[in-house]
Every structure is written in structure tokens, then in C-alpha cells.
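Per this note's numbering, the sequence shown starts with residue 24, numbered consecutively.
The C-beta atom is built at its ideal place from N, Cα and C for all residues, glycine as well.
Please read all numbers here as calculations on a predicted model, not as lab measurements.
Below you'll find the structure, written out as C-alpha cells, and then a few comments.
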Amino acid sequence: MDRRTGLQGAKRKWACAMAVGIALFSFHQAGWSEVTPAVAGADAPVIDKAEADGIIFERQQVMLRLDKDAKTLGMIAAGSAPASKLAETTRSIAEAARDSVAAFETVAPGGRSKPEVWSNHPDYMRALRDFAVKAEAMAKAGQGGDVNAVTGLMIDAMPCKQCHDRYRAPKTS
Ligand code: HEC
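See the structure below:
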């Protein structure tokens with residue numbers, strides 16, 4: 024290494040150290056004080072109460088849509104609703120499952136979400152993403168109207184109770 028590149032290298036290292044220093048300094052300045060103490064996620068954005076209420080309402084709407092579609096699908100599987108509804112119902116479940124991922128991305132404790140949703144947020148989000156992937160596979164199977172194919176995938180593609188047992192609080196009223 025000649026003297027010039029050595030000097031440039033040293034300059035680069037210095038610039039790098041400065042950047043890290045500035046980042047650490049501004050992190051320290053912002054601190055965690057802006058974030059609600061109950062909200063521990065490193066990626067937790069700062070949201071106010073009205074915004075949180077809107078987010079909670081929206082994710083409950085997504086869940087209600089899932090509930091309605093899951094009931095219809097149960098009826099199709101049981102033969103009490105027409106198989107011609109299979110494609111649109113499984114597609115709707117897949118869309119709502121995908122929406123549920125987005126709906127829970129922002130840390131907003133409340134509603135019937137247990138504290139574990141937020142303290143285990145990465146695990147919780149993984150469960151939702153897995154749900155979305157499997158619901159999508161079920162929708163693909165449902166596209167052709169094959170009820171048996173969908174019935175075979177249903178239990179895996181709809182881990183509703185599994186998740187609720189762990190992450191949803193009981194009704195209070
Ligand atoms: C990975 C977790 C997870 C999965 C999977 C899941 N849910 Fe939920 N669900 C929740 C949580 C958490 C809540 C509470 C949300 C809140 O009140 O903020 C909830 C709430 C609900 C509610 C109550 C909505 C309301 O008005 O308060 C219904 C109904 C529901 N889910 C149905 C379903 C159905 C049906 C499925 C499957 C097709 C499903 N959920 C899959 C986590 C999940």
C-alpha cells in the first residue's frame with residue numbers, strides 16, 4: 024500500500040467512525056422516550072391514540088371478514104352451500120389473510136390482542152405470514168372448484184383457533 028492509498032483509507036475509516044458516532048449520538052438524543060414504554064419493538068413507530076384506535080378497528084374488520092368467509096367455506100365443505108362459491112370464498116380468505124399481515128404490522132396494543140402479540144411480535148407476524156401463504160395455496164386449489172382438494176388443505180390453511188388460543192384475549196362483554 025503506498026502512502027496515498029494509506030491516507031485515503033485512513034480518511035475513509037475516519038468518515039466511517041464519524042457516521043457511526045453521529046448515528047449513535049442522534050439515537051441517544053431521540054432515545055426511547057418517544058416510544059410508549061409498553062411498546063418495546065425496535066421498529067415501533069410513534070402513533071397517537073386516534074391512530075391506534077383506527078388500526079385496531081381495521082384489523083378487527085379483517086378478522087370479521089375472515090370469520091364470515093370461514094363460515095361459508097365450512098358450509099361448502101359440509102355441502103350446505105353450493106360448491107360454485109368455492110373459488111370466490113377461498114380467494115377472499117387468501118386476501119383477508121394477506122391483509123391481516125399488514126393490519127398487525129404496526130405496534131398498536133389494544134382491542135382483544137393479548138400483550139404477547141406485541142412482546143412476541145416477530146413470532147406473531149411469522150404466524151400471520153405463514154397463514155397468508157397457506158391460505159393462498161388453498162385459494163389456488165379452490166380456483167378449479169375442487170371441494171375435496173380444499174378440504175384437505177383447510178385445517179392447515181386456517182389456523183384461526185390455534186392463534187386465538189395463544190394471542191387473542193377472551194371477550195370482556
Ligand atoms: C396469527 C394469529 C391469528 C390468526 C391466524 C387468525 N386470527 Fe383472528 N384474531 C387474532 C387476534 C390477535 C385478534 C384480536 C384483534 C383485536 O381485537 O385487536 C383476532 C380477532 C378475531 C375476531 C374478533 C374480531 C372482533 O370484532 O373483535 C374474529 C371473529 C376472528 N379473529 C376470526 C378469525 C378467523 C375466522 C381466522 C381464520 C380464518 C382468524 N381469525 C385467524 C389473531 C389471529
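Query: Candidates Q166, R149, A192 and S142: closest to V130 by CA position; Result: S142
Query: Cut-off 8 Å between Cβ atoms - residues of its own chain near V170, not counting five sequence neighbours on either side; Result: I99, A100, A106 and L109
Query: Residue closest to S136, alpha-carbon to alpha-carbon, out of I79, I70, A73 and E74; Result: I79
Query: Proximity test, L89 beta-carbon vs the ligand HEC heavy atom, cut-off 7 Å; Result: yes
Query: S196 versus G134, G175 and Q166, residue with shortest Cα-Cα distance; Result: G134
Query: S115 (DSSP reduced to helix, strand or coil); Result: helix
Query: C-beta atoms of A117 and E81 nearer than 8 Å; Result: no
Query: Distance cut-off 7 Å: R121 Cβ against heavy atoms of the ligand HEC; Result: no
Query: Segment limits, alpha helix (DSSP H) that includes M86; Result: K72 to A101
Query: Per-residue DSSP class, three states only, for S196; Result: coil
Query: Where the alpha helix (DSSP H) containing N171 begins and where it ends; Result: V170 to A180
Query: G44, DSSP secondary structure in three states; Result: At G44 the pLDDT is 44, less than 50, meaning the model places this residue with poor confidence and gives no usable figure here.
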